[in-house]
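Visitor:
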Amino acid sequence: MKVKNFIYLPFCLFIGTSVAGALPEIPEPFKYGVGGIENGKIYIGLGSLGNNWYMIDTNQSEKKWTKIAQWPTVPREQATATIIDGKIYVFGGIGKDKSGVITLQKDVYSYDIAKDKWEKLMTRPPVSLAGHVSFIHNGHAVSTGGVNENIFNGYFSDVELSKGNSALTEKVNRDYFSKPADDYFLNNHIISYDPSKNQWKNLGTTPFPGTAGSSVIFAEQQIYILGGERKTGASFC
323 MKVKNFIYLP FCLFIGTSVA GALPEIPEPF KYGVGGIENG KIYIGLGSLG NNWYMIDTNQ
383 SEKKWTKIAQ WPTVPREQAT ATIIDGKIYV FGGIGKDKSG VITLQKDVYS YDIAKDKWEK
443 LMTRPPVSLA GHVSFIHNGH AVSTGGVNEN IFNGYFSDVE LSKGNSALTE KVNRDYFSKP
503 ADDYFLNNHI ISYDPSKNQW KNLGTTPFPG TAGSSVIFAE QQIYILGGER KTGASFC
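Residue numbers (the working numbering): 323 to 559.
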């Protein structure tokens, strides 16, 4: 499988909502989470929802949000979700480990829509996935972008260790945020996950440096990477 024609657009895209029908309010404030749509049913979860997931069926005349099976492990932000053959696949993200330190998450879970059940898969992505983008191509989940695991985890570990020492905390922050963009080593590898084989493939690299917090559109065999950042705290929007 080959994925071609990556296009990076360093701007924010604003889309008006005047043509969209209104849906009921989400039961809880929702940000930094994931979502997807399958057969007119919208699924959302993670982020500020914690372990909660919700579904709304837009085919019904009376539309309402329904809580589905809870996320079974560490709540997280900046993950991605794709829906393939009736299952939602969630990749990566960041969340607090058992010690309370923010850490990049490397597990992969699937949600069986028909069974309303989560399952931890016996696999891990070959590169760190947090702040990345994902899309579907020929039944595979393709991902690129995101932060560097060692640099990201190292920063939050150092912040935790420097608690109570304001001078050291200031140095940790200064050292982290003052680096040139290239020294964050954001991911520009393109990887593909085949759920039917539970296998990953290396599809090469993007023709531009890695980004974090971007958006992606896949249309007519063109892949558009929109906005994001190359340096922590410095957005291209």
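Where a beta carbon is used, it is the ideal one built from N, C-alpha and C, also for glycine.
From S450 to E360, what does the alpha carbon distance come to, in whole angstroms?
Guide: Translated into positions along the sequence shown, residue 450 becomes position 128. Translated into positions along the sequence shown, residue 360 becomes position 38. Near 27 angstroms, if we compare the C-alpha coordinates of E360 and S450.
Visitor: Only counting runs of 3 or more residues, tell me where the beta strand (DSSP E) segments fall wholly within the segment 445-492, in order along the chain.
Guide: 455-459 and 462-466
Visitor: Between V423 and F478, which are expected to be in contact by the criterion C-beta below 8 angstroms, what is the C-beta distance as a whole number of angstroms?
Guide: For this step, residue 423 is matched to residue 101 along the sequence shown. For this step, residue 478 is matched to residue 156 along the sequence shown. Contact flag correct, Cβ pair sits at about 6 angstroms.
Visitor: Taking the alpha-carbon positions, what's the T339 to Y365 distance?
Guide: Residue mapping note: residue 339 aligns to position 17 of the sequence shown, counting from 1. Residue mapping note: residue 365 aligns to position 43 of the sequence shown, counting from 1. With a pLDDT of only 41 at T339, under the threshold of 50, the placement of this residue in the model should not be trusted, and no figure is reported.
Visitor: Leaving out five residues before and five after V341 in sequence, what residues of the same chain have Cβ atoms less than 6 angstroms from its Cβ?
Guide: The residue given as residue 341 occupies position 19 in the sequence shown. Residue placement at V341 is poorly supported in this model, since its pLDDT is 40, which falls under 50; the coordinates are not used for a value here.
Visitor: Using the C-alpha atoms, what's the distance from K523 back to T466?
Guide: Taking the first residue of the sequence shown as 1, we reach residue 466 at position 144. Taking the first residue of the sequence shown as 1, we reach residue 523 at position 201. Going by the C-alpha atoms only, they are around 12 angstroms apart.
Visitor: What residue range is occupied by the uninterrupted beta strand (DSSP E) comprising V538?
Guide: Against the sequence shown, residue 538 aligns to sequence position 216. For V538, the enclosing beta strand (DSSP E) covers residues S537 to A541.
Visitor: DSSP three-state call for Y433: helix, strand or coil?
Guide: Reading the sequence shown from its first residue, position 111 is the one you call residue 433. Of the three classes helix, strand and coil, the one that applies to Y433 here is strand, per DSSP.
Visitor: Measure how close the beta-carbons of S432 and I416 come, nearest whole angstrom, since I'm counting them as under 8 angstroms.
Guide: The residue you call residue 432 lines up with position 110 of the sequence shown. The residue you call residue 416 lines up with position 94 of the sequence shown. No, S432 and I416 are not in contact; Cβ-Cβ is about 20 angstroms, not under 8 angstroms.
Visitor: Could you give the DSSP three-state label for Y498: helix, strand or coil?
Guide: One-based indexing of the sequence shown puts residue 498 at position 176. It is helical.
Visitor: Under the rule that 16 or more other beta-carbon atoms within 10 Å means buried, what is F499, buried or exposed?
Guide: Counted from its first residue, the sequence shown places residue 499 at position 177. Exposed, because fewer than 16 other Cβ atoms sit within 10 Å of the Cβ of F499.
Visitor: State yes or no: is the C-beta of L368 within less than 8 angstroms of the C-beta of V356?
Guide: Position 46 of the sequence shown, counted from the start, is the residue given in the question as residue 368. Position 34 of the sequence shown, counted from the start, is the residue given in the question as residue 356. In contact: L368 and V356 (Cβ atoms closer than 8 angstroms).
Visitor: Pick from L525, K519, R496 and S518: whose alpha carbon is nearest that of N510?
Guide: Residue mapping note: residue 510 aligns to position 188 of the sequence shown, counting from 1. It is L525 whose Cα lies nearest to the Cα of N510.
Visitor: Give the secondary structure of S518 by DSSP, where H, G and I count as helix, E and B as strand, and everything else as coil.
Guide: By 1-based counting over the sequence shown, the position of residue 518 is 196. In the structure shown, S518 sits in coil (DSSP, three-state: anything other than H, G, I, E or B).
Visitor: Can you give me the start and stop residues for the beta strand (DSSP E) that T554 sits inside?
Guide: Counted from its first residue, the sequence shown places residue 554 at position 232. Careful: T554 lies outside any beta strand (DSSP E) and carries neither H nor E.
Visitor: Beta-carbon separation of G461 and I435 under 8 angstroms?
Guide: Residue 461 sits at position 139 when you count from the first residue of the sequence shown. Residue 435 sits at position 113 when you count from the first residue of the sequence shown. Against a cut-off of 8 angstroms, the Cβ pair of I435 and G461 comes out as no contact.
Visitor: Is A391 near K439, with beta carbons less than 8 angstroms apart?
Guide: Stepping through the sequence shown from its first residue, residue 391 is reached at position 69. Stepping through the sequence shown from its first residue, residue 439 is reached at position 117. Yes, the Cβ-Cβ distance between A391 and K439 is below 8 angstroms.
Visitor: On the criterion of 16 or more Cβ atoms from any shown chain inside 10 Å, does F336 qualify as buried, or is it exposed?
Guide: Taking the first residue of the sequence shown as 1, we reach residue 336 at position 14. With a pLDDT of 40 at F336, under the threshold of 50, the predicted position of this residue should be treated as unreliable, and no value is reported.
Visitor: Under 8 angstroms, do H454 and G476 count as touching if we go by C-beta distance?
Guide: Residue numbering aside, residue 454 sits at position 132 when the sequence shown is read from its first letter. Residue numbering aside, residue 476 sits at position 154 when the sequence shown is read from its first letter. No, they are not a contact pair.
Visitor: Taking 6 angstroms as the limit between beta carbons, can you name the residues of its chain near A463, skipping five residues before and five after?
Guide: Here residue 463 corresponds to residue number 141 of the sequence shown, with the count starting at 1. T404, Y411, S456 and Y515.
Visitor: By how many angstroms is the C-alpha of G486 removed from the C-alpha of L331?
Guide: For the purposes of this step, residue 331 is taken as the residue at position 9 of the sequence shown. For the purposes of this step, residue 486 is taken as the residue at position 164 of the sequence shown. Confidence at L331 is low in this model, with a pLDDT of 47, below 50, so its placement is unreliable and the value that follows should be read with caution. Distance between the alpha carbons of L331 and G486 is about 42 angstroms.
Visitor: Measure the Cβ-Cβ separation of I348 and P517 and say whether it is below 8 angstroms.
Guide: In the sequence shown, counting from the first residue as 1, residue 348 sits at position 26. In the sequence shown, counting from the first residue as 1, residue 517 sits at position 195. Cβ distance not < 8 angstroms, so I348 and P517 don't count as in contact.
Visitor: Using only CA atoms, which one of G362, G372 and G532 lies nearest to S351?
Guide: Walking along the sequence shown from the start, residue 351 turns up at place 29. Going by the sequence as given, residue 351 is Pro instead of Ser. Nearest C-alpha to P351: G372.
Visitor: Which same chain residues end up closer than 6 angstroms to P397 when comparing Cβ atoms and leaving out the 5 residues on each side of it in sequence?
Guide: By one-based count along the sequence shown, residue 397 stands at place 75. So the list reads G372, N373 and G417, once near-sequence residues are dropped.
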